[in-house]
Amino acid sequence: MTRPPAPPTPGVFAPDWPAPPGIRALMTTRQGGTSPPPWDSLNLGVAVGDDPARVSVNRSLLRGLLPQEPRWLRQVHGRAVVHADGVATHAPPEADAAWTTTAGVVCCVQVADCLPVLLAARDGSAVGAAHAGWRGLASGVIEAAVAAMPVPAGTLLAWLGPAIGPARFEVGGEVREAFVGHDPDSAGAFQPHGPGKWLADLFALARRRLRAAGVSAMHGGGLCTVSNPARFFSHRRDRPGGRMAALVWIEPGG
Numbered sequence: 106m107t108r109p110p111a112p113p114t115p116g117v118f119a120p121d122w123p124a125p126p127g128i129r130a131l132m133t134t135r136q137g138g139t140s141p142p143p144w145d146s147l148n149l150g151v152a153v154g155d156d157p158a159r160v161s162v163n164r165s166l167l168r169g170l171l172p173q174e175p176r177w178l179r180q181v182h183g184r185a186v187v188h189a190d191g192v193a194t195h196a197p198p199e200a201d202a203a204w205t206t207t208a209g210v211v212c213c214v215q216v217a218d219c220l221p222v223l224l225a226a227r228d229g230s231a232v233g234a235a236h237a238g239w240r241g242l243a244s245g246v247i248e249a250a251v252a253a254m255p256v257p258a259g260t261l262l263a264w265l266g267p268a269i270g271p272a273r274f275e276v277g278g279e280v281r282e283a284f285v286g287h288d289p290d291s292a293g294a295f296q297p298h299g300p301g302k303w304l305a306d307l308f309a310l311a312r313r314r315l316r317a318a319g320v321s322a323m324h325g326g327g328l329c330t331v332s333n334p335a336r337f338f339s340h341r342r343d344r345p346g347g348r349m350a351a352l353v354w355i356e357p358g359g
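Here the sequence shown is numbered in my numbering, starting from 106 and rising by one per residue.
Below, the structure written as structure tokens:
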């Protein structure tokens with residue numbers, strides 16, 4: 106009898122950050138799923154044109170690495186933050202960040218050029234995740250996420266995941282003004298790139314926002330989604346394309 110093929114192994118990696126014992130985090134890649142091109146292959150997004158059945162299988166594969174189903178969000182590039190414990194897995198709320206102090210509850214954001222920011226308390230008592238594209242950053246999603254966490258900002262660790270890198274993120278003057286108008290010193294995160302155009306550094310902008318919010322322990326940053334087509338989805342490069350996930354939780358029994 107011919108054995109059925111083994112299911113794919115989801116492509117994931119663990120953040121390189123000094124998280125305390127009992128805190129777990131994962132970042133997915135585009136590898137190790139079931140979706141066909143252009144969503145190949147571990148697409149986790151339900152609203153990007155992929156077959157919903159394929160997305161369901163991909164999410165099930167990811168679920169096998171987690172204590173429970175992630176608390177998915179309906180992301181809108183805003184600053185709304187929710188308590189993940191109250192998020193129904195079948196009805197994602199409109200929000201761009203979530204936090205929890207409950208073991209086993211998985212905070213999750215989806216990305217494909219926008220910056221995922223994971224947060225963890227040094228004592229292991231709380232975790233959070235934020236979806237920080239330029240609109241979310243400019244509107245204050247990082248500050249809102251940090252403020253929602255039930256621990257002092259100075260006790261938080263932050264990890265910046267893969268995002269569109271500073272050599273590939275061309276923006277117009279309105280994007281630069283959205284930041285410089287609020288924080289003139291953020292001009293250093295923008296480099297001229299032709300008439301009316303700039304190259305923006307999301308990582309530098311996020312670090313400025315984290316620092317201003319009271320978070321000094323920052324890790325990660327620098328992995329460019331656009332420049333790594335074999336490993337990461339990129340909305341700007343692919344269109345259409347898939348979505349990855351950044352996930353963080355307190356390990357049950359940890």
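Virtual Cβ for every residue (Gly too), placed ideally from N, Cα, C.
What did DSSP end up calling residue i once you bin it into helix, strand or coil?
i, result
"Glu356", "coil"
"Arg129", "strand"
"Thr205", "strand"
"Ala217", "coil"
"Ala200", "coil"
"Ala119", "coil"
"Ala189", "helix"
"Ala243", "helix"
"Ala124", "coil"
Here's a check: name, in chain order, each residue in its chain whose Cβ is nearer than 7 angstroms to the Cβ of residue i, leaving out the five neighbours to either side.
i, result
"Gly301", "Gly277 and Gly278"
"Val320", "Val251, Ala258, Leu261 and Ala263"
"Asp121", "His324 and Gly325"
"Ser291", "Phe284, Val285, Leu310 and Arg313"
I need the boundaries of the beta strand (DSSP E) containing residue i, first residue and last residue.
i, result
"Ala252", "Element bounds for Ala252: not the beta strand (DSSP E) but the alpha helix (DSSP H), Val246 to Ala253."
"Gly233", "Val232 to Ala237"
"Ala263", "Leu261 to Leu265"
"His182", "Where His182 is concerned, there is no enclosing beta strand (DSSP E), given that its DSSP letter is neither H nor E."
Just to confirm my understanding: we take residue i, look at its own chain, exclude 5 residues before and 5 after, and list those with CB closer than 6 angstroms. What are they?
i, result
"Thr207", "Asp190"
"Met349", "Thr133, Val216 and Phe338"
"Arg129", "Trp354 and Glu356"
"Val187", "Pro198, Ala200 and Ala203"
"Asp155", "Ser140, Trp144 and Asn148"
Are there 16 or more other CB atoms within 10 angstroms of the CB of residue i, so buried, or fewer, so exposed?
i, result
"Thr194", "exposed"
"Val246", "buried"
"Val160", "buried"
"Gly266", "buried"
"His236", "buried"
"Glu248", "buried"
"Arg184", "buried"
"Arg281", "buried"
"Gly97", "There is no way to answer for residue 97, as the model of the chain reaches only from 106 to 359."
"His340", "buried"
"Leu170", "exposed"
"Ala135", "Per the sequence shown, the amino acid found at residue 135 is Arg instead of Ala. Counting Cβ neighbours within 10 Å, Arg135 comes out buried, since at least 16 surround it."
Short of 8 angstroms in beta carbon distance, which residues of its chain neighbour residue i, apart from the five on each side in sequence? Order them along the chain.
i, result
"Pro113", "Gly137, Gly138, Thr139, Ser146, Leu147 and Leu166"
Quiz item: Counting only runs that start and end within the stretch 131 to 179, where is the alpha helix (DSSP H) found for 4 or more residues in a row?
Solution: 157 to 168
Quiz item: Hey, which unbroken runs of the alpha helix (DSSP H) at 4 residues or more fall wholly within the stretch 270 to 350?
Solution: 278 to 285 and 307 to 317
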